[in-house]
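Residue 2 is where the sequence shown starts when you use my numbering, and the numbers rise one by one after that. By construction, the Cβ of each residue, glycine as well, lies at the ideal position given by its N, Cα and C atoms. Below is one structure; the comments refer to it alone.
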Amino acid sequence: MAHPRRESVAVPHAVAVLSTTRGSGATLLTAAAGLLIDDAVGRVGQSVILMDADIDGGGLTTLTRSWNTTCAALDDGLLGFAGDDVELAGRDLARYLRHVHTGARRRQDMVLFPLGPGDKPGERLPTDGTLEEVVGTAVDRLVELGGCLIVDCGDSRTQVTLEVCHRVEHIILVGQLGPEGGEETGRLLSWLADRGLGAKVIGWVCNSPSAERSPTADPAGVGAPLMRLPYDTFAAATVAVGTLPDGTSPLLLTLCAQLRALWPDVLNDGGWGRDE
C-alpha cells in the first residue's frame with residue numbers, strides 16, 4: 002500500500018490505549034496499528050513495540066499468542082522481567098522481548114512485550130507492591146528503544162495503569178456507541194483528569210464489537226471521536242494471526258487515515274512508500 006512522502010523518517014512515539022469497558026476494541030486497535038506502522042516503516046529501521054499492561058485481562062497477550070514470534074527467555078515479557086534476580090536498575094529488558102516474524106518484506110524489527118507465557122500470566126505477577134515500579138521501568142526502557150511504542154492498558158483502573166500513562170506521551174481512549182458508551186468515556190476522561198493526566202488525552206475512538214450502526218449524534222460531553230472503527234470481522238481475524246489486512250480493509254483504511262492526521266511522519270519510509 003502507498004504512503005505519503007514526508008520530510009522525516011522513523012519518528013518515535015509512545016501511546017497508551019485505554020478501554021472504557023472490556024471488549025471495546027483497545028487490543029484490536031493496538032495490534033492493527035502496530036502491524037500498519039511496521040508495514041510502512043519497518044524496513045527503514047523504525048521499530049514497533051507493543052506492550053500489554055492489562056494486568057487483569059491480558060488481551061494483547063492472548064491475541065498475539067498465535068503470532069510467529071521468538072524469544073530468548075523461557076519466561077518472557079513482564080513476567081520474566083519482574084522475576085529477574087538482577088537489581089531492577091541493571092536488568093536487561095531486551096532478552097524478554099518477543100520478536101515477530103511473518104515473512105513480510107517490510108517487517109524488520111517489530112517486538113512484543115506481553116504479560117508472559119501461559120494461560121493466565123497476570124496471576125503470576127508480583128503482589129508485594131513492587132509491580133508498579135517494575136512496569137514503570139519497563140515502559141521507560143521500551144521508550145528508550147526509540148520506536149513507536151503502543152501500550153494496551155485494557156479497561157483497568159489501577160496504579161499500573163497510572164504508571165504507564167504518566168510515562169508515555171499520549172493517551173487514546175476506546176469507547177462504545179450510544180449514550181451509555183458516552184457516559185463511560187466521560188467517566189474515564191474524568192478519572193484521568195483528576196490524576197493530572199487530562200492533557201495527555203488526544204481523543205477517543207468510537208467502536209462497536211458488533212455490526213451496530215453508529216448514531217448520528219456524538220455522545221454529550223465527550224466531543225466527536227477521532228475516528229469510528231468500522232465493523233470488519235475479516236480484518237480482526239487477519240490481525241489475530243499476525244498479518245496486516247489487505248489494502249481494501251475498511252479498518253486498515255480508517256487507521257491509516259487517522260495515523261496520517263495525528264502523526265504525519267509515522268508512516269514515512271523515506272520514499273514514496275510504494276510496494277516494490
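8 Å Cβ cutoff met for residue i and residue j
i, j, result
"Met-52", "Val-152", "yes"
"Gly-155", "Gly-248", "no"
"Arg-99", "Gly-58", "no"
"Gly-147", "Val-49", "no"
"Gly-176", "Thr-21", "yes"
"Arg-261", "Leu-254", "no"
"Ala-83", "Pro-122", "no"
"Gly-81", "Ala-90", "no"
Through-space distance from residue j to residue i, alpha-carbon basis
i, j, result
"Thr-244", "Glu-185", "31 Å"
"Asp-129", "Arg-92", "19 Å"
"Ala-15", "Val-240", "21 Å"
"Ala-139", "Leu-193", "21 Å"
"Val-165", "Leu-198", "11 Å"
"Leu-150", "Gly-117", "18 Å"
"Val-18", "Thr-62", "15 Å"
"Val-169", "Gly-204", "15 Å"
"Ser-67", "Ala-238", "11 Å"
"Phe-114", "Gln-47", "17 Å"
"Asp-76", "Tyr-97", "8 Å"
"Pro-246", "Ser-25", "20 Å"
"Ala-258", "Leu-163", "29 Å"
Burial state of residue i (16 or more Cβ within 10 Å)
i, result
"Ala-225", "exposed"
"Asp-120", "exposed"
"Glu-124", "exposed"
"Asp-195", "exposed"
"Ser-157", "buried"
"Ser-250", "buried"
"Thr-217", "Below a pLDDT of 50, predicted positions are generally treated as unreliable, and Thr-217, at 47, falls in that range; the measurement from the model is reported next regardless. Exposed."
"Phe-235", "exposed"
"Val-242", "exposed"
"Ser-191", "exposed"
"Gly-183", "buried"
Cβ-Cβ separation, residue j to residue i (assumed contact under 8 Å), whole Å
i, j, result
"Leu-79", "Val-136", "7 Å"
"Asp-233", "Leu-252", "4 Å"
"Leu-230", "Asn-208", "4 Å"
Best match in the options for proximity to residue i [C-alpha to C-alpha]
i, options, result
"Pro-13", "Thr-21, Ser-25, Gly-43, Leu-19", "Gly-43"
"Glu-133", "Ile-56, Leu-37, Pro-122", "Ile-56"
"Leu-143", "Met-111, Gln-160, Ile-203, Thr-65", "Met-111"
"Glu-145", "Trp-68, Pro-231, Ala-237, Leu-94", "Leu-94"
"Ile-172", "Leu-75, Ala-41, Asp-40, Leu-263", "Leu-263"
"Leu-36", "Ala-54, Val-101, Asp-85, His-167", "Val-101"
"Leu-29", "Thr-65, Asp-40, Lys-201, Asp-39", "Thr-65"
"Ala-54", "Ala-258, Val-161, Ala-200, Val-202", "Val-161"
heavy atom of the ligand MN below 7 Å from residue i C-beta
i, result
"Val-240", "This structure does not include the ligand MN; it has no bound ligands of any sort."
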